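Colleague:
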Amino acid sequence: MKLSKVLWQTFKENPSDAEIPSHQLTMRAGLIHKAGSGLYNYMPFFLRSLRKVEKIVREELDNIGCQEIQMTVITPGELWQESGRWEKMGDLMLRFKDKNKKDLCISPTNEEAVVDIFRSSVKSYKDLPLALYQINTKFRDEIRPRFGLLRGREFLMKDAYSFHKDKKSLDDFYDNIYKAYQNIISRIGLKYIVVEADGGAMASSDAKTHEFQVLAKNGEDTIIHCEKSGYAANIEKAKSKRSQKVERQTSELKEEVETPGKSTIDSVCAFLNIAESTSLKCLLYKYISNNKDQFLMVVTLGDDTVNEIKLGTIIKGDHLRMANDQEIETLGLIKGYIGPQGLSEEIKILFDSEISIKNAYVVGANKRDFHILNLVPERDCKKYFQADIRLALSSDVSIEGFPIEITKGIEVGHIFQLGDKYTKSLKVNVLGEDGKNFIPTMGCYGIGVTRMIAAAIEQSHDEKGIIWPVSIAPFQIYLVSIIKDEKYLKDAEDLYDKLISGGLEVLFDDRPKLGPGHKFKDAELLGIPLRVTFGERDFIENGTIEISVRRTGEQRKVKLDSVLSECQALYSSLK
RNA sequence: CGGACUGUGGCGCAGUAGUAGCGCGCUUGCUUGGGGUGCAAGAGGUCGCAGGUUCAAUUCCUGUCAGUCCGACCA
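Residues in the first sequence are numbered consecutively from 1, following the numbering used here.
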C-alpha cells in the first residue's frame, strides 16, 4: 500500500480526552477517529489489525468445532422480556421502538438470540454438543465510557455459546475453549493471566467462570496472583487471608469509653492508641429480599474494606446498597458510633471471617461520643453469622500461606458455565436418548476484539509510539523512501514490488516532499515491526539499504539484493 | 445518580464588552533532503445552543445541551 494514496493523518499532540497510552496512540497514529462518546470509527490501518485478530480467533474456534454464524445486531424486546433481562439490563441496554411500537434493542450480548435459534432448530440430543459463535458489533451504554477502545460503548466482540446434554460435556468443552483462548492470546503475543472471577450479570455468581486478563498497569481490573500456589483471581472474588492475626483475648466485660468527636476508625484508634485491626468497622447495608427491605450490619476488621461483590453473592436479594443517614437514624443507630451489640431483631449481623469471634474488639457504643473497649462478638452479639466479605490486600497471603501480588489487568476474554439459566427461562427442551425431554446446559464465551487491540498497544509501546506485536501489526514492513534525485525513485519502486512479491505486507511511504525526520517519526508512531529505509546517501555511497527493528531499535545495512531475504529472516525471528 | 471542570477553525490552546488570535495540520510557491527544514503567501471560525442585561455580548447573567474528570455514600 502506498502512503501517498491512503487516508492517513498523524498528530503530534494527544487529544485532550485521552489519558492512557493506548487511547493516545490509537488517536495520534490515525488508527481510529472519534465519532462520539465511547464511539470510534475504525480507519484503514486499524481495520487491518482488526482483521488479523479476527483471523486468529476464527482459526482457534473453528479448530475446536465451533460454527460461525451472524446474529442480528438489533434484537426484539420480547425475547429479553421472556428471559427476564429486559428489566435487569437497565440503562446498559439501548432500547427503542419501531414504527409498530414494538420494543427493540441493540444487542449488548446475545444469549437470548442464540437460545432462540437453538430452540427452534435443535430438537434432539443427537445435535449436541453444539457451539456457535459470531464476531459482531455490540452496544453497551456504559455509565462512563473511557480510555478509548478499552471501554467504548460500541465495540466488536466475539461471542460464542455452547449447548450440552450434561455437565460432563460442558466441562469438556469448557476446557477446550479455555485452551483455545490461551492459544489466541499467546498467538497475538500478549502477556496474560487467567483468573477466577465473579459471574456478574451474565451468569449466577456461583457459576464456573474465568477471565483472561492482559497484564497492563492501566488495566481497570485488579487481580491477585500467588506464584507459588498458582492461585489467581479477580479481586472481586479473591480469597486470601491476613498474614498475621492479632489476638486480643480478655475476660473483661465490655466497657464504655468516651470518645468525643471520634467518628472514624482512624481517629478512634489514634485516640485510644490501638491498632486499627483491633477495632471493628460496622457498616449498615440495605437490600431487598422477598419484596421486603432487609437490613444487614456488615462488620470487618477496622483496616479492612468490604468487598460488595462478595457480599452481593452471600445475601440472597437485590438492590444491595449502604443504608443512608435517614435509615440509620430510623433504626436508632448513630453514624460514627455504630456497634453490633444490642441491636433490634430486624438487623442481622455478618462478621467477616477474619474476625475472631472470641477476641475482644473496640466498636461503637451505639451512643454518641462513646465506644466500647472489649466487645467479644461471640459473647456480646446475637443473631450473627460469618463469611468472607473482605477485599484482599496486597499484604495478605494466599489461603495456603504463600505471598501474593496484586496487579492490574485488562479483561480481554471471559468464559462462563451458565448452566440452565437461559435454557430454562426461555423454555428450551431437547428430546433425550431415553425419549424424555431435558433442558440442555449452556456456556458462553466472549472476547473483546477491539479491546484486545487496545490491550496490545497498552502492553506494547514506548515513548515514540506503538510497537505492534508482529501477529497483528497492520503491515510487516514500513518502507521509507528518502530520495531527492528522481532517477532513484524507480529503484525504490522496484524494491517495493520485490518485497510484496516476496509475500511481505508493505506500507510504502512514498510521500513526496516530506523530510526524512517526518517520515521516521510517523513510522515510529505507527509502530510497524520493520522499517526499510531507501535513502540516496547509503545507496549511492555503498549500494546499501537500511533495515531497522521497531522493538529493539537494531539497525543493519544490507545490499539491495538481499533486502528481501534479510527482511524475511528478521521478520520470522520476531514472531 | 452526585460533585467539579470545560465548550473558541481539523487537533492542541490563548484572549477580549466594540463580532477574534497563536502553535500544529491543510493549500500554493520557493527552499531543504538521514530525525517533524526554513521563508513567504493563502484557505478555514455566525467563539456549543437558547434566552436575558446592554447602544453593543464570544466575553456578564440565566437556562439548556454536550464533553471530560472525580465520586457513588468504608460511618
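For glycine and all other residues, C-beta sits at the position ideal for the given N, C-alpha and C.
It should be emphasised that the depicted structure is a prediction, and the values quoted were computed from it without experimental measurement.
Is there at least one non-hydrogen atom of the ligand NAD closer than 6 Å to the beta-carbon of I372?
Modeller: No copy of the ligand NAD occurs in the structure displayed, which carries no ligand at all.
Colleague: In its own chain, which residues sit with a C-beta less than 7 Å from the C-beta of I143, not counting the 5 before and 5 after it?
Modeller: Position 143 of the first sequence holds residue 143. Cβ within range, chain order: n/a, list empty.
Colleague: For I399, which residues in the same chain have their Cβ closer than 8 Å to its Cβ, ignoring the five residues on either side in sequence?
Modeller: Sequence index remark: in the first sequence, residue 399 carries index 399 (1-based). Counting only Cβ-Cβ distances below 8 Å, and skipping sequence neighbours, we find S229, Y231, K239, S240 and K241.
Colleague: Give the single residue among M442, E19, V412 and D380 whose Cα lies nearest to the Cα of V114.
Modeller: Against the first sequence, residue 114 aligns to sequence position 114. For V114, the nearest C-alpha among the options comes from M442.
Colleague: Out of I372, D318 and T109, state which residue places its alpha-carbon closest to the alpha-carbon of N290.
Modeller: Mapped onto the first sequence, residue 290 falls at position 290. It is D318.
Colleague: Based on Cα-Cα distance, which residue from K427, T544, L526 and V362 lies nearest to T533?
Modeller: Locating residue 533 in the first sequence gives position 533, where the first residue counts as 1. Nearest option by C-alpha distance: T544.
Colleague: Measuring straight from C-alpha to C-alpha, what distance separates V73 and G446?
Modeller: The residue given as residue 73 occupies position 73 in the first sequence. The residue given as residue 446 occupies position 446 in the first sequence. Their backbone Cα atoms lie some 16 Å apart in a straight line.
Colleague: Using beta-carbon positions only, say whether V428 and Y125 come within less than 7 Å of one another.
Modeller: As a working note, residue 428 is residue 428 in the first sequence. As a working note, residue 125 is residue 125 in the first sequence. Going by C-beta atoms, V428 is not nearer than 7 Å to Y125.
Colleague: What are the start and end residues of the alpha helix (DSSP H) that includes P15?
Modeller: As a first step, residue 15 is located in the first sequence; it is residue number 15 there, counting from the start. Note, P15: premise wrong, no alpha helix (DSSP H); not H, not E.
Colleague: By the 10 Å Cβ neighbour count, where 16 or more other Cβ atoms means buried, how is S548 classified, buried or exposed?
Modeller: Translated into positions along the first sequence, residue 548 becomes position 548. Classification for S548: buried.
Colleague: In this structure, what does DSSP give as the bridge partners for F438?
Modeller: As a position in the first sequence, residue 438 is number 438, starting the count at 1. In the DSSP output, where bridge partners are listed per residue, F438 has V430.
Colleague: Can you name, in chain order, every residue of its own chain whose Cβ lies under 8 Å from the Cβ of E458, other than the five neighbours on each side?
Modeller: On the first sequence, position 458 is the one that residue 458 refers to. Hits under 8 Å: I20, P21, S22, L150, V214, A216, N218, G219 and I410.
Colleague: If you draw a straight line from the alpha carbon of A18 to that of L31, how long is it in whole angstroms?
Modeller: Position 18 of the first sequence holds residue 18. Position 31 of the first sequence holds residue 31. Between A18 and L31, the C-alpha separation is close to 14 Å.
Colleague: Only counting the same chain, and skipping five residues up and downstream in sequence, which positions put a Cβ closer than 6 Å to that of E59?
Modeller: Here residue 59 corresponds to residue number 59 of the first sequence, with the count starting at 1. Closer than 6 Å at the Cβ level, and outside the excluded window around E59, lies no residue.
Colleague: So, is R51 buried or exposed, given that buried needs 16 or more other C-beta atoms within 10 angstroms?
Modeller: Looking up residue 51 in the first sequence gives position 51. Per the 10 Å Cβ criterion, exposed.
Colleague: Along the beta strand (DSSP E) that carries D62, what are the first and last residues, could you check?
Modeller: Taking the first sequence and counting its residues from 1, the one referred to as residue 62 is at position 62. Counting along the chain, D62 falls outside any beta strand (DSSP E), though it belongs to the alpha helix (DSSP H) covering P44 to N63.
Colleague: If we count the other Cβ atoms within 10 Å of its Cβ and call it buried at 16 or more, is L253 buried or exposed?
Modeller: As a working mapping, residue 253 is identified with position 253 in the first sequence. Label assigned to L253: exposed.
Colleague: So, are the CB atoms of D118 and F163 less than 7 Å apart?
Modeller: Position 118 of the first sequence holds residue 118. Position 163 of the first sequence holds residue 163. In the sequence under discussion, the amino acid at residue 118 is Phe, which differs from the Asp named in the question. Closer than 7 Å, so yes.
Colleague: Of the residues L311, G332, K559 and P469, which one's Cα is nearest the Cα of S491?
Modeller: In the first sequence, counting from the first residue as 1, residue 491 sits at position 491. First, the amino acid is wrong: residue 491 is Asp here, not Ser. Of L311, G332, K559 and P469, the residue nearest in Cα terms is K559.
Colleague: Bridge partners of Q67, per DSSP?
Modeller: As a position in the first sequence, residue 67 is number 67, starting the count at 1. According to DSSP, Q67 bridges with L132.
Colleague: Would you mind stating whether I389 and L311 have Cβ atoms separated by less than 7 Å?
Modeller: Translated into the one-based positions of the first sequence, residue 389 becomes position 389. Translated into the one-based positions of the first sequence, residue 311 becomes position 311. Cβ atoms of I389 and L311: closer than 7 Å.
Colleague: Where does the unbroken beta strand (DSSP E) through M583 begin, and where does it stop?
Modeller: Missing from the structure shown is residue 583; the chain here goes from 1 to 575 and no further.
Colleague: Looking only at C-alpha atoms, which of D561, E111 and P129 sits nearest to G432?
Modeller: Taking the first sequence and counting its residues from 1, one reaches residue 432 at position 432. That would be P129, whose Cα lies nearest to the Cα of G432.
Colleague: Within a Cβ cutoff of 6 Å, which residues of the same chain sit near I315, ignoring the five residues on either side of it in sequence?
Modeller: One-based indexing of the first sequence puts residue 315 at position 315. Y287.
Colleague: For A473, which of K436, V268 and M452 has the nearest alpha-carbon?
Modeller: Residue 473 sits at position 473 when you count from the first residue of the first sequence. Out of K436, V268 and M452, M452 has the C-alpha closest to the C-alpha of A473.
Colleague: Give the secondary structure of V376 by DSSP, where H, G and I count as helix, E and B as strand, and everything else as coil.
Modeller: Working through the first sequence from its first residue, we reach residue 376 at position 376. It is coil, neither helix nor strand.
Colleague: Which value, in whole angstroms, describes the spacing of the CA atoms of L301 and G152?
Modeller: Translated into positions along the first sequence, residue 301 becomes position 301. Translated into positions along the first sequence, residue 152 becomes position 152. Approximately 38 Å between the Cα atoms of the pair.
Colleague: How is the alpha helix (DSSP H) around K519 delimited, first residue to last?
Modeller: What you label residue 519 is simply residue 519 of the first sequence in a count that begins at 1. Taken as a continuous stretch (DSSP letters only), the alpha helix (DSSP H) holding K519 covers P516 to L526.
Colleague: In the DSSP output, which residue or residues are listed as bridge partners for C105?
Modeller: Taking the first sequence and counting its residues from 1, one reaches residue 105 at position 105. Its beta-bridge partners are T75 and R95.
Colleague: What span of residues does the alpha helix (DSSP H) with G312 cover, start to end?
Modeller: Against the first sequence, residue 312 aligns to sequence position 312. Here the alpha helix (DSSP H) through G312 covers E308 to I314.
Colleague: Helix, strand or coil for E82, going by three-state DSSP, please let me know.
Modeller: Position 82 of the first sequence, counted from the start, is the residue given in the question as residue 82. E82: helix per DSSP, three-state reduction.
Colleague: Pull up the distance between the alpha-carbon of V299 and that of A387, whole angstroms please.
Modeller: Looking up residue 299 in the first sequence gives position 299. Looking up residue 387 in the first sequence gives position 387. Spanning the two alpha carbons is a distance of roughly 10 Å.
Colleague: Just to confirm the assignment, what range does the beta strand (DSSP E) spanning A180 have?
Modeller: The sequence position of residue 180 within the first sequence is 180, counting from 1. Segment K167 to I188 is the alpha helix (DSSP H) holding A180; no beta strand (DSSP E) there.
Colleague: Pick helix, strand or coil for Q294, following the three-state DSSP scheme.
Modeller: Against the first sequence, residue 294 aligns to sequence position 294. If DSSP states are grouped into helix, strand and coil, Q294 belongs with the strands.
Colleague: Tell me which same chain residues have a C-beta within less than 8 Å of the C-beta of E243, skipping the five on either side of it?
Modeller: Here residue 243 corresponds to residue number 243 of the first sequence, with the count starting at 1. It is Ser, not Glu, that sits at residue 243 in the sequence shown. Correct list, in chain order: S395, D396 and V397.
Colleague: Residue range of the alpha helix (DSSP H) that G496 falls in?
Modeller: Looking up residue 496 in the first sequence gives position 496. The displayed chain sequence assigns Tyr, not Gly, to residue 496. L489 to S501 is the span of the alpha helix (DSSP H), which, as asked, contains Y496.
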